[in-house]
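Visitor: Quick note on numbering: the working numbering labels position 353 of the sequence shown as 334, and the sequence is numbered without any gaps.
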Amino acid sequence: MPAWGMIGRFFVLYMKGSEQKTMRDSPHGIRLGELLAGRYRIVASLGSGGTSRVLLAEDKKLPGKRWAVKELYADMAVMPSVPPRKGEDAEPGGAGRRQAMLEEAETMSRLTHPSLPDIVDVVPLNDQGFMYLVMEYIDGETLQERFERLEGKMPAETVAGLALQLCGLLDYLHTSGPQPVIHRDLKPSNLMIDAEGRVRLIDFGTARRFKPGGEGDTVNLGTVGFAAPEQYDGRQSDPRTDLYGLGALMYYLLSGGAHYGLAEPPGGRRQLPPALEPIVLKLLKASPAERYATARETAAELGGWLRAGSRAALHGAVDAGQLTGADWTPPLVIAVGSLYAGAGATFVALALAQALEECRVPHAVIEPPSPSPELAALLFAMKNEPPHYRYYDAAMREPGAAHGGDVRWERGRTLWLPASDDWRQAFLRSGGSGRQPPDESGGLQAPSFAQAGAWFKLIHTLRRPVTIVDIGSRWEEPETAALLETVTDVVYVADPMVHKLQTAAVERRLRLLLDELKPGCRRHAVANKCAGGRAPWLELLPESPGCVLPALDSSLLAEAAWRGRLPTEHPIVWQDVRYHVHAWVSRYFPIETSAAALEKANGARLYRRLLDWLRPTRKKERREELP
C-alpha cells in the first residue's frame, strides 16, 4: 500500500471523530415545519454530514416550488485543531472564520454551469452561528446509488461518458475566473444524476480557490480512495488534484468498487478496459506533473476513446444511456456583429442558420437581451410563436430557472430564441446599465447576462452543436462583453459604407477584434452588399473577408417581409447568397454536415446563373402578384 494511502486512513478516522464530537456539542439548527427567512418552509431532511445538513423546503412565494436548503454551522466550517489563517481569529467560531465562510458561499453562488445546482438565496449567519444556502432541488439519485443499483457493473462507455461530462465542469471551474476553483472531493456520493441524465456536482464543502505561490493547503480535506497524494502530505492542491480525483472515480466505477492503491486484489491491480486503462492510469499518477495538464486535454483523450469504440454498445446501455455523453463535443458558439449599424449582421446570422438547416445541423439562433428587440417581430411572433411560449431572458430571470424545460420555438432544425420586450422595463429600472435591478425580496436573482456564466449555462442547456448569437452593433454592452468570453467564433460584418470605418466606435471595435479576443477564438470577416464582383472597397478592410455576399434587390427583401417570411426564405434572395454561404461554412467552420446537402449546395452555382437570366421576368411576375 502506498505510504500516502496509509496516512490517509488515519487522517479520515481523525476527521470523522472530530466532526462527530463537534456535531454533538453544536446547537440545534432550524427544525421541521419552521419558516426560513420568512419564505422557505422546511418539510423534510434530505441528508446530513459532519459539517452540514441538507433540508427540503417549500417556497411560500412560488407555490409548488421546492428547494434544497444546506445548513452550515460556522464552528464546523474548518477543523478545530488546524491553526487559523493569517488575519483570522484563533477560535474555531471566530469572526474571521465566519467571514471566510460567507466569502466562500458568495463565490459558490456566482458559479453557473449545467452540472452545478443553482444557488438562488443566501441566508446570512444568525446568532446561533448557522447560515443557509438555498439551492435548486435536484430530483434524481446519487451516482453511488446508481452504481449500487447496477450491482457495481457499469459499462466502460458509460463511465467514460460520465467522465467526459465532468471534464466540461472541471474545465469551467478551473478556467472561468481569475483563479481556478479546485473541488478536491470528487466521489460518487457527491454526484447526482438528474431526471435528464445529467451529472450534477452537489457538494462544494471542500472547494477552494487556487492561490499561486502557496506552499500548501491550510486544511487537508478529501475522501480516502478519491483524494490525491498531495492532499495527504500537505502540498498545495491545484487543478491537477481534481484530475486525480476524476481518475480515482473512474477506477472505482470500472473495477466494481475498488479504490486505487488502497486495497489491491490478490492478483494485483484490477484489469481495466484496453485503451481506456492508459488514460485512467495517467490521471492517477502520484506526481501532478505526470498527469494530464488540463481537463480539456483529458476530455480530448476520452472523446477519442469513445469515438473509436462501438456506438452500438453505447446505445445498448439503456439504464445509463443518457449518462454517457459519448456524442458530446463542445458546441460552436458564433457571435455575429456589424462593425456599424446597418451593415447586415442579422441577415448574415439568418443566412448562416439557413445554411445549417440545409446541411441538417441542429442549431440555435439567439438575440441577446436588448431595450429594442427585433427578432420576435421578424419572426412574426404574434402569429407564429408556440402556445404558452416563454422568452428565454424572462424565464432565466426566475431563480433556479433553466430554459431547457420550457416550450421551445423550433422550426426544422432551428431553435429560435428571440429576446422579450419585457427586458425593456428591467433595463430602465437598472438605469440603462444592462444589469438587473435589486431583488425586492432580498434573495439572489438569477444571473444577469452581463455575466459570462449566464451565457455559458444557457448555451449548454440548449444542447445544440451550433449556437448563433446576433449581437447587431451592440459591441460595447455588458451582455456582449460577457458573451465574448464564451464564444468560439466571432463574425464581423461590413458593407460599402466605408466612411463609417473612420469613426471612433469602429476603431474601438476593430481593436477588440484584432487584439483583445480570448486566445483560441476564431475571427471571420464578412463583406455584405457587394456589387459588381470584388469591389475596391474590400481592400480597406483590416483582413480579407472569408465570405463576400452580393448586393440584393431591396424590393425582394420587402416582398419577403410583406409575406411574413424571413429574407433568407425568399427563393430568389436565398439563391443569390446560397453558394457563398455554404462555401464559407464548409471552409471555415468545423461542422459535420450532410454530404448530400453539401453536394446540393455546390451545385447551386449553375442554378443561380440560370436564375440571373430569368430574374427580370420573375420580379415582374411577383410584383404583379402583390395585392
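Glycine residues also receive a C-beta, built at the ideal position from the N, C-alpha and C atoms.
What three-state label does DSSP hand residue 121 in the structure shown?
Guide: By one-based count along the sequence shown, residue 121 stands at place 140. Reduced to three states, the DSSP call for residue 121 is strand.
Visitor: Are residue 450 and residue 572 touching if we call contact CB-CB under 7 Å?
Guide: On the sequence shown, residue 450 is found 469 positions in, with the first residue counted as 1. On the sequence shown, residue 572 is found 591 positions in, with the first residue counted as 1. No. Outside cutoff.
Visitor: Provide the residue(s) that pair with residue 52 in DSSP beta bridges, ordered along the chain.
Guide: As a working mapping, residue 52 is identified with position 71 in the sequence shown. Residue 52 pairs with 34, 113.
Visitor: List the DSSP bridge partners of residue 47.
Guide: Residue 47 sits at position 66 when you count from the first residue of the sequence shown. Note: residue 47 sits in a beta bridge opposite 39.
Visitor: Do you know how far the Cα of residue 273 is from the Cα of residue 232?
Guide: By 1-based counting over the sequence shown, the position of residue 232 is 251. By 1-based counting over the sequence shown, the position of residue 273 is 292. Taking the straight line joining both Cα atoms gives about 16 Å.
Visitor: To which residues of the same chain is residue 24 closer than 6 Å at the C-beta, ignoring the five residues directly before and after it?
Guide: Here residue 24 corresponds to residue number 43 of the sequence shown, with the count starting at 1. Within the same chain, residue 24 has close Cβ partners 37, 39.
Visitor: Please list, in chain order, all residues of the same chain as residue 360 whose beta carbon is under 7 Å from its beta carbon, the five residues on each side excluded.
Guide: Start at 1 with the first residue of the sequence shown, and residue 360 comes out as number 379. These residues qualify, in order along the chain: 397, 399.
Visitor: So residue 238 and residue 261 are supposed to be a Cβ contact under 8 Å. How far apart are they, rounded?
Guide: Along the sequence shown, read from residue 1 onward, the residue named residue 238 stands at position 257. Along the sequence shown, read from residue 1 onward, the residue named residue 261 stands at position 280. Contact doesn't hold; Cβ gap of about 15 Å is too wide.
Visitor: Out of 182, 166, 497, 241, state which residue places its alpha-carbon closest to the alpha-carbon of residue 212.
Guide: Residue mapping note: residue 212 aligns to position 231 of the sequence shown, counting from 1. It is 166.
Visitor: According to DSSP, is residue 525 helix, strand or coil?
Guide: The residue you call residue 525 lines up with position 544 of the sequence shown. Residue state, collapsed to three classes: coil.
Visitor: Tell me, to the nearest whole angstrom, how far the beta carbon of residue 20 is from that of residue 41; I am working on the premise that it is less than 8 Å.
Guide: Stepping through the sequence shown from its first residue, residue 20 is reached at position 39. Stepping through the sequence shown from its first residue, residue 41 is reached at position 60. Confirmed, about 5 Å.
Visitor: Who are the Cβ neighbours of residue 154 in its own chain at under 6 Å, not counting the five residues just before and after it?
Guide: The residue given as residue 154 occupies position 173 in the sequence shown. 162, listed in sequence order.
Visitor: Closest by CA to residue 123, which one among 269, 395, 180, 51?
Guide: The count along the sequence shown starts at 1 and reaches residue 123 at position 142. Taking only the C-alpha atoms, the option nearest residue 123 is 180.
Visitor: Which residue comes first and which comes last in the beta strand (DSSP E) that contains residue 448?
Guide: Sequence index remark: in the sequence shown, residue 448 carries index 467 (1-based). Its beta strand (DSSP E) spans residues 447 to 453.
Visitor: Comparing alpha-carbon positions, which option in 138, 472, 159 lies nearest residue 327?
Guide: Walking along the sequence shown from the start, residue 327 turns up at place 346. Ranking the options by Cα distance to residue 327, first place goes to 472.
Visitor: DSSP on residue 390, reduced to helix/strand/coil?
Guide: For the purposes of this step, residue 390 is identified with residue 409 of the sequence shown, where counting begins at 1. Looking at residue 390 - three-state DSSP - the assignment turns out to be strand.
Visitor: Considering only the beta carbon of each residue, do residue 95 and residue 441 sit closer than 7 Å?
Guide: Translated into positions along the sequence shown, residue 95 becomes position 114. Translated into positions along the sequence shown, residue 441 becomes position 460. Their beta carbons are under 7 Å apart, which means residue 95 touches residue 441 by this criterion.
Visitor: Does DSSP classify residue 11 as helix, strand or coil?
Guide: Your numbering for residue 11 matches position 30 in the sequence shown. In this structure, residue 11 counts as coil in the three-state DSSP scheme.
Visitor: Looking at C-alpha atoms only, which residue of 116, 170, 320, 108 is the closest neighbour of residue 89?
Guide: In the sequence shown, counting from the first residue as 1, residue 89 sits at position 108. Out of 116, 170, 320, 108, 116 has the C-alpha closest to the C-alpha of residue 89.
Visitor: Where does residue 456 land, buried or exposed, given buried means 16+ other C-beta within 10 angstroms?
Guide: As a working mapping, residue 456 is identified with position 475 in the sequence shown. Burial call: buried.
Visitor: Assign residue 557 to one of three DSSP states: helix, strand, or coil.
Guide: Residue numbering aside, residue 557 sits at position 576 when the sequence shown is read from its first letter. In the structure shown, residue 557 sits in a helix (DSSP, three-state: H, G or I).
Visitor: To the nearest angstrom, how far is the alpha carbon of residue 365 from that of residue 550?
Guide: For the purposes of this step, residue 365 is identified with residue 384 of the sequence shown, where counting begins at 1. For the purposes of this step, residue 550 is identified with residue 569 of the sequence shown, where counting begins at 1. Residue 365 and residue 550: Cα-Cα distance of roughly 15 Å.
Visitor: So which of 111, 373, 287 has the shortest CA-CA distance to residue 439?
Guide: The sequence position of residue 439 within the sequence shown is 458, counting from 1. Checked all of 111, 373, 287; the closest Cα to residue 439 is 373.
Visitor: List the DSSP bridge partners of residue 135.
Guide: Taking the sequence shown and counting its residues from 1, the one referred to as residue 135 is at position 154. None; residue 135 has no bridge partner.
Visitor: So residue 502 and residue 283 are supposed to be a Cβ contact under 8 Å. How far apart are they, rounded?
Guide: The count along the sequence shown starts at 1 and reaches residue 502 at position 521. The count along the sequence shown starts at 1 and reaches residue 283 at position 302. The Cβ separation is near 24 Å, so there is no contact.
Visitor: With a floor of 4 residues, list each alpha helix (DSSP H) that falls wholly inside the region 448 to 503, ordered by position along the chain.
Guide: The qualifying runs are 459 to 464, 485 to 492.
Visitor: Going by DSSP, name the residue or residues bridged to residue 395.
Guide: Against the sequence shown, residue 395 aligns to sequence position 414. Answer is 344, 392, bridged to residue 395.
Visitor: Is it buried or exposed for residue 555, if we count other Cβ within 10 angstroms and need 16 for buried?
Guide: On the sequence shown, residue 555 is found 574 positions in, with the first residue counted as 1. Looking at its Cβ environment, which holds 16 or more other Cβ atoms inside 10 Å, residue 555 is buried.
Visitor: Leaving out the 5 sequence neighbours to the left and right, which residues in its chain are closer than 8 Å to residue 527 when beta-carbon positions are compared?
Guide: Locating residue 527 in the sequence shown gives position 546, where the first residue counts as 1. Here the set comprises 505, 506, 507, 565, 568, 569.
Visitor: When burial is assigned at 16 or more other CB atoms within 10 Å of the CB, is residue 363 buried or exposed?
Guide: By one-based count along the sequence shown, residue 363 stands at place 382. Classification for residue 363: exposed.
Visitor: Taking DSSP's pairing of strands, which residues face residue 506 in a bridge?
Guide: Along the sequence shown, read from residue 1 onward, the residue named residue 506 stands at position 525. Answer is 473.
Visitor: Can you name the start and end residues of the alpha helix (DSSP H) that residue 539 belongs to?
Guide: The residue given as residue 539 occupies position 558 in the sequence shown. Where residue 539 is concerned, the enclosing alpha helix (DSSP H) stretches over 535 to 543.
Visitor: When the Cα atoms are used, what is the spatial distance from residue 132 to residue 395?
Guide: Here residue 132 corresponds to residue number 151 of the sequence shown, with the count starting at 1. Here residue 395 corresponds to residue number 414 of the sequence shown, with the count starting at 1. Between residue 132 and residue 395, the C-alpha separation is close to 41 Å.
Visitor: Please report the residue range of the alpha helix (DSSP H) in which residue 226 lies.
Guide: By 1-based counting over the sequence shown, the position of residue 226 is 245. Counting along the chain, the alpha helix (DSSP H) containing residue 226 begins and ends at 220 to 235.
Visitor: Taking the straight line between their C-alpha atoms, what separation do you get for residue 425 and residue 218?
Guide: Residue mapping note: residue 425 aligns to position 444 of the sequence shown, counting from 1. Residue mapping note: residue 218 aligns to position 237 of the sequence shown, counting from 1. Reliability of the predicted coordinates at residue 425 is poor, the pLDDT of 38 falling under 50, and the value obtained from them is presented with this limitation in mind. Distance between the alpha carbons of residue 425 and residue 218: 31 Å.
Visitor: Where DSSP assigns a beta bridge to residue 180, which residues make up the other side?
Guide: By 1-based counting over the sequence shown, the position of residue 180 is 199. Answer is 174, bridged to residue 180.
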